[in-house]
Amino acid sequence: MQDFPPRIATFFTGTDDAPTSDPDTRSPAAFLRWMLRQQTRVIVLSSLACLLWLMPMTFGPYIFGRAVDEGILQGSTPDLLMWSGVMLAVVLVGGTFGVVFHTLIVRSWLISLYGTTQMVTRKIAQMGHVLPRRSPTGEVLSVSSSDSDEFGALTEILARTAAQLVSYLTVAAIVLSMSWQLGVLVLVAAPVLLGAALPLLRPLHRRQQVERSRNSELTSMATDIVAGLRILRGIGGEDTFGRNYALQSQRARLAGVSSGVWQAAVEGIGVLFAGIFMVSLVWLGTRQVNSGELSVGELVSFLGYGLFMVGPIRTSFELAQKTTRALVSARKAIAIFEQRPPWREPSDPQPLDGSAEIHDELSGFTARPGQLTVVVSAVPEKSAALADRLGRYLPPDTDPVGEEDGDGLKGRAARRARADRERRRARIAARDEEVATRQWGVRLGGVDLSAARLDDVRRQVLVSDTGSGLFAGTLQDAIDPHGRLTREEAEAALRVANAEDVYDALPEGWQGQLDERGRGLSGGQRQRVVLARALAADAPILVLVEPTSAVDAHTEARIAERVTTLRHGRTTVVCTVSPLWLHHADRVVLLEDGQVVADGEHATLLAHDPVYRGVVVRSLDDVDEVLLR
1 MQDFPPRIAT FFTGTDDAPT SDPDTRSPAA FLRWMLRQQT RVIVLSSLAC
51 LLWLMPMTFG PYIFGRAVDE GILQGSTPDL LMWSGVMLAV VLVGGTFGVV
101 FHTLIVRSWL ISLYGTTQMV TRKIAQMGHV LPRRSPTGEV LSVSSSDSDE
151 FGALTEILAR TAAQLVSYLT VAAIVLSMSW QLGVLVLVAA PVLLGAALPL
201 LRPLHRRQQV ERSRNSELTS MATDIVAGLR ILRGIGGEDT FGRNYALQSQ
251 RARLAGVSSG VWQAAVEGIG VLFAGIFMVS LVWLGTRQVN SGELSVGELV
301 SFLGYGLFMV GPIRTSFELA QKTTRALVSA RKAIAIFEQR PPWREPSDPQ
351 PLDGSAEIHD ELSGFTARPG QLTVVVSAVP EKSAALADRL GRYLPPDTDP
401 VGEEDGDGLK GRAARRARAD RERRRARIAA RDEEVATRQW GVRLGGVDLS
451 AARLDDVRRQ VLVSDTGSGL FAGTLQDAID PHGRLTREEA EAALRVANAE
501 DVYDALPEGW QGQLDERGRG LSGGQRQRVV LARALAADAP ILVLVEPTSA
551 VDAHTEARIA ERVTTLRHGR TTVVCTVSPL WLHHADRVVL LEDGQVVADG
601 EHATLLAHDP VYRGVVVRSL DDVDEVLLR
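Put into structure tokens, the structure is as follows:
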């Protein structure tokens, strides 16, 4: 976060960027201190620019008072012109550095905002498929958007507060030299007013936490609804989910109103005490003018400084509020940033040979080199779990733990909710520790996957399942995200996946734009584009989980035949019960309760294994008709 655009190399992922220190996640305050240290230079320059911007307000009342006493009351035109010239110079300096200050503030704000967004992106890249199973999607999105804005607001108010503190002390010195009673009043005003507001900051902090949690939950709900909109329409669930969203929206609104009430109370106290301060200053100053202790010009200066002091007083309240909001946001951010991947890179990594056989010890499954192996299971989750193990992916056996769990609860109920949240996090941490310290249980050419670098595993074994998604971008980016393919290679992958209709449907062909998650495509089109991307990667070992579940039988038959031809001589594993894939398999493996119970050719198993036959046979008349054509 040293400049804009910010250069972020936290959560090092093996890119060319040199790693920097990761954020301090010991506490929200420690995290904020770490963030501010990254921008020390910009904040200091902003404070200096702000100090010069405040020069007209810091010295203006004093200059004006001297002009009244020496120029107007004494009738001295030269003195009046001199003080007027001094005032003009001070105003010009203030105006110039006001522009500089605003520029630096916007710069620091953007550095915080985009720097946080980049850190979230880095953390997502580092955690991969694990992050959605650790933290709710809404939490991640909120940290990247609204919370990053709170961090930017904190840098702005800190720079302004530092400058106004110096200006405040300068004004205090000036007024003390003129009247110690009024000087003391000016000095103690800000601390007294801030102390009066402190009792309100704790309930304000608590209500802002609830507001932030409910907004995060609302964001997660909206994300889930948008992602599953087509399915919701298919089952008529739009009204139900719409009502749930409306209910959560009202809960978020009520939390915002409650937070706003306390924030208004803090600001109201600031206005009240600022008014009392001004009345006291005018009353005491007028008495001293009547007694001859002050001149008229000095009284004018005091009144000007009284108006000026309203600024630092309100800034101190603003600092308290923005610090409170930033601490709430920092608490959410460290819940994301403190997470660590559940695997550790080996100290002596072993090389992997993608042309060797791959064996899963838990199920007894073995994929032989160069063969198309189809895995059949009556319970699809079992074959999907096997695919996860082959690719060294954690199973989806944990639910995300969000900070919103138990929000709004008080007393014993709140303590129980917190304890339950901590127990769930402890279970996840224990499971992660077990994953990090034990062998994975899948061997490629005799080498356990935990003994190799994760990047090497990903290069050798590619898993494409039903959860694989599409990012917004061009069709070319979707098929070839790394830009490694020639036009002919990309077209070949698209043809094998039978996805030419997607190309034809886009007005700009390869440069045609796809929406996030491929929302503009049908389910079958999206699935075929994902398959084309997996085939285009040309991985030594390719694992496909239900790659054609959303297409018709004719299309599925073409895809199965083309994939078999394309992947000839390379290891391919397909998890499906479709006879159209089984027809092309070199070898079929049957899983029961996650264990291999049968192994052989499709025709042999179909004829002699009743369990296999019961799992596979479905609409045989339709399948036979397709195969005969």
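Counting in the working numbering, the sequence shown runs from 1 upward without gaps.
Every residue, glycine too, gets a C-beta built ideally from N, C-alpha and C.
DSSP three-state assignment for residue i, whether helix, strand or coil
i: V44; result: helix
i: Q513; result: strand
i: E488; result: helix
i: A222; result: helix
i: F471; result: coil
i: R368; result: coil
i: E150; result: helix
i: G408; result: With a pLDDT of only 49 at G408, under the threshold of 50, the placement of this residue in the model should not be trusted; the figure read from the coordinates follows. G408 falls in the coil class under three-state DSSP.
i: S316; result: helix
i: Q595; result: strand
i: G600; result: strand
i: S249; result: helix
i: G518; result: helix
i: T13; result: At T13, the pLDDT of 47 sits below 50, so the modelled position is not reliable and the matter cannot be decided from this model.
i: R438; result: coil
i: H608; result: helix
i: R427; result: helix
i: S76; result: coil
i: R206; result: helix
i: H359; result: strand
Counted within 10 angstroms of its Cβ, other Cβ atoms place residue i as buried (16 or more) or exposed
i: P191; result: exposed
i: W283; result: exposed
i: G569; result: exposed
i: S291; result: exposed
i: I559; result: buried
i: E298; result: buried
i: S27; result: exposed
i: I174; result: buried
i: Q164; result: buried
i: V261; result: exposed
i: N244; result: exposed
i: G195; result: exposed
i: E508; result: exposed
i: S578; result: buried
i: V379; result: exposed
i: I276; result: exposed
Among the options, the one whose alpha carbon lies nearest that of residue i
i: A333; options: A67, T555, Q118, L73; result: Q118
i: A320; options: G75, I157, G85, L591; result: I157
i: I393; options: W343, G370, A330, Y114; result: Reading off the sequence shown, one finds Tyr at residue 393, where the question assumed Ile. It is W343 whose Cα lies nearest to the Cα of Y393.
i: C575; options: T58, V588, T564; result: V588
i: D149; options: P341, L113, L566, R368; result: L113
i: V296; options: Q595, F64, V596, V577; result: F64
i: D24; options: I276, A330, R487; result: A330
i: G594; options: G195, L372, E381; result: E381
i: T161; options: I336, A356, G364, I313; result: I313
i: F31; options: I43, T116, L45, Y62; result: T116
i: W510; options: A264, A478, M35; result: A478
i: R567; options: P369, L54, A264; result: P369
i: T103; options: D538, L45, G520; result: L45
i: L35; options: A153, L169, D432, V210; result: One detail in the question is off: residue 35 reads as Met in this sequence, not Leu. Ranking A153, L169, D432, V210 by Cα distance to M35 puts A153 first.
Proximity of residue i and residue j at Cβ, strictly below 9 Å
i: A550; j: L514; result: no
i: L352; j: L449; result: yes
i: L281; j: G306; result: yes
i: G285; j: L294; result: yes
i: R487; j: R562; result: no
i: D501; j: A536; result: no
i: A585; j: L372; result: yes
i: L606; j: V596; result: no
i: R66; j: W83; result: yes
i: S377; j: V615; result: yes
i: A452; j: P341; result: no
i: L54; j: S167; result: yes
Inset, instruction - Mind the definition here: the stretch 463 to 471 touches the stretch 370 to 389 only if three or more C-beta pairs lie below 8 Å; say whether that holds. - result: yes
Inset, instruction - Evaluate the contact criterion for the stretch 300 to 316 versus the stretch 177 to 185: three or more CB pairs, one atom per stretch, below 8 Å. - result: yes
Inset, instruction - Evaluate the contact criterion for the stretch 540 to 556 versus the stretch 450 to 462: three or more CB pairs, one atom per stretch, below 8 Å. - result: yes
Inset, instruction - Report yes or no: do the stretch 524 to 533 and the stretch 439 to 448 share at least 3 C-beta pairs separated by less than 8 Å? - result: no
Inset, instruction - Flag this pair as touching only if the stretch 90 to 100 and the stretch 49 to 62 have three or more C-beta atom pairs under 8 Å; answer yes or no. - result: yes
Inset, instruction - May I ask you to verify whether the stretch 135 to 155 touches the stretch 80 to 90, counting CB pairs closer than 8 Å and requiring at least 3? - result: no
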